[in-house]
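Sequential numbering from 1 applies to the sequence shown in the UniProt record's numbering.
A short worksheet on the structure shown next.
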Amino acid sequence: MANADDFRREVRDWLATAPRPSGLHDYGPTPTPADITAGRAWQALLAEARYACLHWPRERGGREASVAEQAAFAEECALADVPRQFHLVGPDLAGPVLMAYGSDEQCDTLLEPIRTGEHLWCQLFSEPGAGSDLASVRTRAVATDDGWVIDGQKVWTSGAADAQYGLLLARTGGPGHAGLSAFVVPMGTAGITVRPLQQMNGESKFNEVFLDGVRLAPDALIGAEGEGWAVATATLGRERLSLGSNAVGMLKALDEIVTAARAHGRLDDHLRGEVVDAWLGVWLLRSTWERAVAEGTPPGGPAFSVLKMISTSTYQAIGDLGMEALGLDALASEHDEPLVDRMLVAHAQTILGGTTEIQRNILGERILGLPREPKP
Numbered sequence: 001m002a003n004a005d006d007f008r009r010e011v012r013d014w015l016a017t018a019p020r021p022s023g024l025h026d027y028g029p030t031p032t033p034a035d036i037t038a039g040r041a042w043q044a045l046l047a048e049a050r051y052a053c054l055h056w057p058r059e060r061g062g063r064e065a066s067v068a069e070q071a072a073f074a075e076e077c078a079l080a081d082v083p084r085q086f087h088l089v090g091p092d093l094a095g096p097v098l099m100a101y102g103s104d105e106q107c108d109t110l111l112e113p114i115r116t117g118e119h120l121w122c123q124l125f126s127e128p129g130a131g132s133d134l135a136s137v138r139t140r141a142v143a144t145d146d147g148w149v150i151d152g153q154k155v156w157t158s159g160a161a162d163a164q165y166g167l168l169l170a171r172t173g174g175p176g177h178a179g180l181s182a183f184v185v186p187m188g189t190a191g192i193t194v195r196p197l198q199q200m201n202g203e204s205k206f207n208e209v210f211l212d213g214v215r216l217a218p219d220a221l222i223g224a225e226g227e228g229w230a231v232a233t234a235t236l237g238r239e240r241l242s243l244g245s246n247a248v249g250m251l252k253a254l255d256e257i258v259t260a261a262r263a264h265g266r267l268d269d270h271l272r273g274e275v276v277d278a279w280l281g282v283w284l285l286r287s288t289w290e291r292a293v294a295e296g297t298p299p300g301g302p303a304f305s306v307l308k309m310i311s312t313s314t315y316q317a318i319g320d321l322g323m324e325a326l327g328l329d330a331l332a333s334e335h336d337e338p339l340v341d342r343m344l345v346a347h348a349q350t351i352l353g354g355t356t357e358i359q360r361n362i363l364g365e366r367i368l369g370l371p372r373e374p375k376p
């Protein structure tokens, strides 16, 4: 961890002096439309200082950073209230997938604009009938003499309204894993319709995406036909490296809760006790995350699945605690009240990045050896 500690100090010093684009704040893994300009400018600064795409190979502009170094960077960015990158999908999902399965031409063309922030990517995986169960994807890609034709619908696609490219999972064969393939989709292609979905907090980070007769060139295929499931599984787990930065955000939220409770005259012994319990829970989460990182646990490993479940349930509990601090005033607050906004966002946490129910099934079946849940 000595190298990670030195790297943390380096990052902290750089963040203290780096210029901040106007309007920049820690908006999380996906920018809203209002965050695009500042987020893209921030990514360019990160790229210039070689803090963009830390885990990428050096020949692709990265630093080949260890898990511990990546985690330290995420936490320091959270402390500084800046995003650790422009967006999640391009640097953490599409980039590594292209390097592992894509052609040299795809890598040479597509990777650098991800690193510098020129291109925003989205992940076209989930469908109305295939969210956590990606093996049930129904969007179909049919081979033609001059490429592929795509028809289908995707949903809960973060950032699709502003994305230049999408990482698409579609069915090119029969049912099941073996019938899936992955594609690069230019989001400006004819036949693509994006409809933003308004969330409870008023934001529209998620979208529906309709693909009607979308024509792609032959070289849009990533890897070989039928390798889509391998591509899909390769994308999982990366975002869990930021669990430590989530803990930083939770500790900040508890400070806000105490301040709000005092202002509303609601900081009684009961609320104090709940805040202390939540504070202890967040520090236990952070310590366990730090131990997993120090041990070199891979991001997709079972330890991070457990931490992801604990993190999301703790986030929801803190959201509800904020409402208790505000009391009836919470009912009259607009979305710009931070505690109300946090509570509304918290309700999605057990769904994002793999639902809690699916995570429990995976841990039960693959780690504990329990029998599979019977299918109807």
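Using N, Cα and C, we set each Cβ at its ideal position, and we do this for glycine too.
Pick from the options: whose alpha carbon is nearest that of residue i?
i, options, result
"glutamine 359", "Ile150, His55, Pro302 and Val258", "Pro302"
"aspartate 26", "Val231, Ala74, Ile362 and Leu54", "Ala74"
"methionine 200", "Val340, Arg115 and Pro371", "Val340"
"proline 33", "Glu105, Gly159, Ala18 and Phe7", "Gly159"
"glycine 188", "Glu112, Lys375, Thr109 and Phe210", "Phe210"
"alanine 190", "Gly228, Gly174, Pro175 and Val149", "Val149"
"serine 311", "Val293, Asp329 and Thr350", "Thr350"
"alanine 38", "Ser22, Ala178 and Ala47", "Ser22"
"glutamate 203", "Pro19, Gly28 and Leu45", "Gly28"
"asparagine 3", "Asp277, Ala71, Ala332 and Gly152", "Ala71"
"leucine 251", "Trp229, Trp279, Gly265 and Ala224", "Trp279"
"cysteine 122", "Glu105, Asp133, Cys107 and Trp156", "Trp156"
"tyrosine 315", "Val345, Val293 and Thr30", "Val345"
In whole angstroms, give me the CA-to-CA distance for residue i and residue j.
i, j, result
"arginine 286", "alanine 247", "6 angstroms"
"valine 184", "alanine 52", "22 angstroms"
"leucine 326", "alanine 261", "6 angstroms"
"glycine 117", "valine 89", "12 angstroms"
"leucine 363", "threonine 17", "43 angstroms"
"leucine 271", "glutamate 76", "30 angstroms"
"leucine 110", "glutamate 290", "33 angstroms"
"leucine 15", "glycine 62", "18 angstroms"
"tryptophan 229", "alanine 178", "7 angstroms"
"glycine 102", "glutamate 64", "19 angstroms"
"aspartate 145", "glutamate 225", "15 angstroms"
"serine 313", "histidine 347", "9 angstroms"
"asparagine 207", "alanine 163", "11 angstroms"
"proline 19", "alanine 47", "14 angstroms"
With distances taken between CB atoms, is the gap from residue i to residue j smaller than 8 angstroms?
i, j, result
"alanine 170", "alanine 141", "yes"
"valine 67", "glycine 296", "yes"
"methionine 343", "aspartate 320", "yes"
"alanine 135", "alanine 234", "no"
"arginine 215", "glycine 147", "yes"
"isoleucine 257", "glycine 152", "no"
"threonine 288", "leucine 307", "yes"
"glutamate 127", "arginine 138", "yes"
"isoleucine 222", "valine 97", "yes"
"alanine 161", "proline 186", "no"
"valine 82", "leucine 24", "yes"
Specify, as a first and last residue, the run of the alpha helix (DSSP H) that residue i falls within.
i, result
"tryptophan 289", "269 to 294"
"asparagine 361", "356 to 362"
"lysine 308", "302 to 326"
"valine 82", "First-last for valine 82: undefined, no H or E at that position."
"residue 395", "Because the chain here runs from 1 to 376, residue 395 falls outside it and cannot be looked at."
"valine 97", "95 to 101"
"alanine 38", "36 to 48"
"valine 340", "338 to 346"
"threonine 233", "228 to 234"
"threonine 109", "104 to 116"
"leucine 24", "From DSSP, leucine 24 is part of no alpha helix (DSSP H); its letter is neither H nor E."
"aspartate 133", "Neither: aspartate 133 is in no alpha helix (DSSP H) and is coded neither H nor E."
"alanine 161", "Here alanine 161 belongs to no alpha helix (DSSP H), and DSSP marks it neither H nor E."
"alanine 330", "329 to 332"
Helix, strand or coil: how does DSSP classify residue i here?
i, result
"leucine 167", "strand"
"glutamate 208", "strand"
"valine 155", "coil"
"isoleucine 351", "coil"
"cysteine 53", "coil"
"glutamine 123", "strand"
"proline 186", "strand"
"residue 377", "Coverage of the chain is limited to positions 1 through 376, which leaves residue 377 absent and any answer about it impossible."
"glycine 369", "coil"
"serine 181", "strand"
"arginine 140", "strand"
"glycine 249", "helix"
"glycine 90", "helix"
"arginine 262", "helix"
Could you spell out where the beta strand (DSSP E) holding residue i opens and where it closes?
i, result
"alanine 224", "No beta strand (DSSP E) holds alanine 224; DSSP gives it neither H nor E."
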